[in-house]
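Asker: One structure follows; several queries about it will come next.
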């Protein structure tokens with residue numbers, strides 16, 4: 003249900019949604035202004051079930067930019083590890099304006115024809131491992 007995905011403002015560095023003017027849907031896993039974040043699993047799977055979003059994108063029926071699967075903003079001390087991420091609606095892991103980010107032992111999978119399901123899209127990080 004698309005109404006279950008809150009709409010948030012675009013990031014300041016973008017000035018608008020990435021796909022459409024205006025807002026964007028908030029990520030499934032989201033956090034802002036956090037410290038010492040650990041997202042890990044014993045080879046667990048997080049499935050973004052992106053096919054409904056890909057259909058809306060292809061049919062040009064999106065009202066707002068699609069959500070990322072994981073997005074952390076203005077956060078420090080992030081570890082993402084030992085997980086498989088499947089079928090992200092848009093970019094899979096998007097740490098932005100963050101520092102001390104470590105991403106290790108992750109698998110990111112999506113069909114070849116899924117639109118813009120990039121793996122890891124860091125934005126303005128320091129330092130990034």
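Numbering (my numbering), first residue to last: 3 to 131.
Think of the CB as a built atom: it goes at the ideal place given N, C-alpha and C, for glycine as much as any other residue.
1) Contact between the segment 52-62 and the segment 29-38 is defined here as three or more beta-carbon pairs at a separation below 8 Å; is this criterion met?
2) From the DSSP output, in three-state form, read off residue 20 for me.
3) Is the distance from the Cβ of residue 112 to the Cβ of residue 104 below 7 Å?
4) In the DSSP output, what is residue 111 paired with across the bridge?
5) The beta strand (DSSP E) with residue 29 in it runs from where to where?
6) Would the beta-carbon of residue 66 be found less than 6 Å away from any heavy atom of the ligand NAD?
7) Do residue 89 and residue 52 have their beta-carbon atoms positioned less than 7 Å apart in this structure?
8) Rounded to whole angstroms, what is the Cα-Cα separation between residue 10 and residue 117?
9) Considering only residues of the same chain and omitting the five flanking positions on each side of residue 25, which have a CB-CB separation below 8 Å?
10) Residue 96: which of 127, 86 and 40 sits nearest, CA to CA?
11) For residue 106, which residues does DSSP report across the bridge?
Answerer: Quick answer:
1) No: the two stretches stay apart, fewer than three of their Cβ pairs being nearer than 8 Å.
2) One-based indexing of the chain shown puts residue 20 at position 18. It is coil, neither helix nor strand.
3) Your numbering for residue 112 matches position 110 in the chain shown. Your numbering for residue 104 matches position 102 in the chain shown. Result no, Cβ atoms of residue 112 and residue 104 do not sit closer than 7 Å.
4) Counting from one through the chain shown, the residue named residue 111 turns up at place 109. Residue 111 has 88 as its beta-bridge partners, per DSSP.
5) Taking the first residue of the chain shown as 1, we reach residue 29 at position 27. Careful: residue 29 lies outside any beta strand (DSSP E) and carries neither H nor E.
6) With respect to the ligand NAD, the structure shown offers nothing to examine, as it has no ligands at all.
7) Position 50 of the chain shown holds residue 52. Position 87 of the chain shown holds residue 89. Closer than 7 Å, so yes.
8) As a working note, residue 10 is residue 8 in the chain shown. As a working note, residue 117 is residue 115 in the chain shown. The straight-line gap from Cα to Cα measures roughly 21 Å.
9) Residue numbering aside, residue 25 sits at position 23 when the chain shown is read from its first letter. Cβ within range, chain order: 9, 10, 11, 12, 19, 66 and 67.
10) For this step, residue 96 is matched to residue 94 along the chain shown. Taking residue 96 as reference, the option from 127, 86 and 40 with the minimal CA-CA separation is 127.
11) Here residue 106 refers to the residue found at position 104 of the chain shown. In the DSSP output, where bridge partners are listed per residue, residue 106 has 83.
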